[in-house]
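Below you'll find the structure, written out as structure tokens, and then a few comments.
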Amino acid sequence: MGWRKRGGPAGGQFAAPFTALKPFDDSNDPIALYDFSQEHTNDLSGFDHHLTAEVGTAHFSEFVSGQFGLWLDGSTVLASVNPAPATLITEGDVTLLFAFRFEHKLEVSPGDTLLSLGNNGVNQAYSMSVGTSYIFSVNHENGASVDNIIDFTSGSRRHPLAGQPIWTGAVRDASAKTWTCYMGGREFAAPQTYANNPDNTSAGRLRIGSSVTPTLLRVQSTVFYSVKIVAAAYTAEQMATEWNNTFGGTFGLVEL
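Printed below as a string of structure tokens:
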């Protein structure tokens with residue numbers, strides 16, 4: 273897959289003006305969809321998996337000039353009803369999509385949990401976090417809370433900077449038993465395999481901004497713009513399309 277500047281041939285000029293940044297849309301029937309630019313925490317998927325503050329108070333702050341997002345300061349955790357409805361829990365294929373911005377440098381391992389679905393003592397259906405040196409980690413549990421943690425490192429690729437808008441996502445293919453991490457519409461690192469699919473996750477709860485234990489691994493100084501969860505394993509082409517629909521026009525990149 274190649275990339276060129278929007279509005280011209282490879283190496284050409286940027287088009288002006290760029291299209292506005294857009295939140296994730298409801299394509300491919302998401303099981304949860306949050307557009308925090310509207311300054312609310314309602315689920316727009318049609319399943320009504322609305323979020324409320326489990327800890328602290330939800331605040332909104334500027335994500336990019338003129339557009340807002342959900343501000344999490346390390347003292348706030350948003351959560352769905354407990355336990356989450358069956359429509360939010362998947363032990364099979366799943367795609368997690370995030371548009372957010374860190375306001376700090378990650379220096380402490382294991383870092384910040386972007387999203388989790390589970391409860392303390394209940395197996396996680398899925399989670400994603402970011403740790404020291406911007407190592408992206410995904411996890412789910414099977415059996416007696418057995419972790420299937422996979423870490424994705426950037427290798428020679430540049431990791432995101434503090435203050436920089438970030439588009440990232442993860443795809444679990446339950447048939448192949450792989451997780452794949454994406455950034456900027458492309459694979460961040462090679463897919464990795466895991467041993468077991470999740471099970472016994474039915475009493476979980478969706479949280480944005482913390483691990484399954486809301487007092488631990490909270491996101492620090494982060495603005496979430498949009499979050500989307502789909503009970504399907506997106507292809508690389510679908511991930512590139514999601515990137516172009518949200519960040520592509522704003523930052524001047526289109527898929528070749």
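In terms of the numbering used here, the sequence shown opens at residue 273 and continues consecutively. Glycine residues also receive a C-beta, built at the ideal position from the N, C-alpha and C atoms.
So for E514, helix, strand or coil by DSSP?
Counting from one through the sequence shown, the residue named residue 514 turns up at place 242. Judged by DSSP in its simplified three-state form, E514 adopts helix.
**Request:** Give every residue of the same chain whose Cβ lies closer than 7 Å to the Cβ of V336, excluding the five residues on either side of it in the sequence, and list them in chain order.
**Result:** Within the sequence shown, the letter at position 64 stands for residue 336. So the qualifying residues of the chain are L293 and P437.
Discussion item. Quick test of your reading: F370 and T440, contact by CB under 8 Å. State the CB separation rounded to the nearest angstrom.
Written reply: In the sequence shown, residue 370 corresponds to position 98, counting from 1. In the sequence shown, residue 440 corresponds to position 168, counting from 1. That pair is a contact at about 5 Å.
message: Quick check on the burial criterion: 16 or more other C-beta atoms within 10 angstroms. Buried or exposed for S482?
response: Reading the sequence shown from its first residue, position 210 is the one you call residue 482. With 16 or more other Cβ atoms from the protein chains shown falling within 10 Å of its own Cβ, S482 counts as buried.
Exposed unless 16 or more other CB atoms sit within 10 angstroms - verdict on H331: Locating residue 331 in the sequence shown gives position 59, where the first residue counts as 1. With fewer than 16 other Cβ atoms from the protein chains shown falling within 10 Å of its own Cβ, H331 counts as exposed.
Just to confirm my understanding: we take M498, look at its own chain, exclude 5 residues before and 5 after, and list those with CB closer than 6 Å. What are they? Walking along the sequence shown from the start, residue 498 turns up at place 226. Rather than Met, the amino acid found at residue 498 in this sequence is Ser. Hits under 6 Å: P295, F296, D307 and A371.
- prompt: Using 8 Å as the Cβ pair cut-off and three pairs as the minimum, do the segment 466–473 and the segment 406–417 touch?
  reply: Between the segment 466–473 and the segment 406–417, the count of C-beta pairs closer than 8 Å reaches three or more; the two stretches touch.
Query raised in the report: So what does A304 bridge to, in DSSP terms?
Result: Here residue 304 is taken as the residue at index 32 of the sequence shown, counted from 1. Paired residue(s): I501.
Next item on the list: Could you name the residues of the same chain whose beta carbon sits closer than 6 Å to that of V394, not counting the 5 residues immediately before and after it, in chain order?
Entry: The residue you call residue 394 lines up with position 122 of the sequence shown. A475 and G476, listed in sequence order.
**Asked** Taking the Cβ atom as the reference point for each residue, do T367 and F319 lie within a distance shorter than 9 Å?
**Response** Translated into positions along the sequence shown, residue 367 becomes position 95. Translated into positions along the sequence shown, residue 319 becomes position 47. Not in contact: T367 and F319 (Cβ atoms no closer than 9 Å).
Residues near P289 in its chain [Cβ-Cβ closer than 8 Å; skip 5 each side]: In the sequence shown, counting from the first residue as 1, residue 289 sits at position 17. Annotation note: pLDDT 37 at P289 (below 50); position unreliable, no value reported.
Anticipated Cβ contact below 8 Å, I361 with A397, distance rounded:
Counting from 1 along the sequence shown, the entry for residue 361 is found at position 89. Counting from 1 along the sequence shown, the entry for residue 397 is found at position 125. Correct: roughly 5 Å between the Cβ atoms.
Worksheet item: In this structure, does DSSP put S309 in helix, strand or coil?
Response: Locating residue 309 in the sequence shown gives position 37, counting from the first residue. S309: helix per DSSP, three-state reduction.
Note to self: Taking a contact to mean a Cβ-Cβ separation below 9 Å, would you say Q492 touches N300 in this structure?
What the structure shows: Numbered from 1 along the sequence shown, position 220 holds the residue referred to as residue 492. Numbered from 1 along the sequence shown, position 28 holds the residue referred to as residue 300. Against a cut-off of 9 Å, the Cβ pair of N300 and Q492 comes out as no contact.
Have a look at the DSSP bridge pairing and note the partners of G441.
-> Here residue 441 is taken as the residue at index 169 of the sequence shown, counted from 1. Paired residues: L369 and Y454.
**Item:** Euclidean distance between Cα positions of N517 and I407
**Value:** Here residue 517 is taken as the residue at index 245 of the sequence shown, counted from 1. Here residue 407 is taken as the residue at index 135 of the sequence shown, counted from 1. Roughly 25 Å separates the two Cα atoms.
(request) Can you tell me which of the three DSSP states A508 falls into? (result) The residue labelled residue 508 in the question sits at position 236 within the sequence shown. Here A508 sits in helix by DSSP.
Going by DSSP, name the residue or residues bridged to T385. In the sequence shown, the residue the question calls residue 385 occupies position 113. Paired residues: S401.
- Item | C-alpha gap between A448 and N392, whole angstroms | Against the sequence shown, residue 448 aligns to sequence position 176. Against the sequence shown, residue 392 aligns to sequence position 120. Those two C-alpha atoms are separated by around 28 Å.
Contact set for S399: own chain, Cβ-Cβ below 6 Å, skip 5 residues either direction | Residue mapping note: residue 399 aligns to position 127 of the sequence shown, counting from 1. Answer for S399: S388 and N411, listed in chain order.
For this session: May I ask you to list the residues that DSSP assigns as paired with H412?
Result: As a position in the sequence shown, residue 412 is number 140, starting the count at 1. Listed as beta-bridge partners of H412 by DSSP are no residues whatsoever.
Relative to the C-alpha of F519, which candidate in M455, T425 and T324 has its C-alpha closest?
Residue 519 sits at position 247 when you count from the first residue of the sequence shown. Nearest option by C-alpha distance: M455.
#### Entry: For V418: DSSP bridge partner residues
As a working mapping, residue 418 is identified with position 146 in the sequence shown. The bridge partners DSSP lists for V418 are N414.
Is the Cβ-Cβ distance between L323 and S352 less than 9 Å?
The residue labelled residue 323 in the question sits at position 51 within the sequence shown. The residue labelled residue 352 in the question sits at position 80 within the sequence shown. Taking 9 Å as the Cβ cut-off, L323 and S352 qualify as a contacting pair.
Distance between T329 and E311 (C-alpha atoms, nearest Å) | As a working mapping, residue 311 is identified with position 39 in the sequence shown. As a working mapping, residue 329 is identified with position 57 in the sequence shown. E311 and T329 have their C-alpha atoms roughly 13 Å apart.
**Prompt:** What does I407 pair with, by DSSP beta-bridge criteria?
**Reply:** The count along the sequence shown starts at 1 and reaches residue 407 at position 135. Assignment of beta-bridge partners to I407 by DSSP yields no partner.
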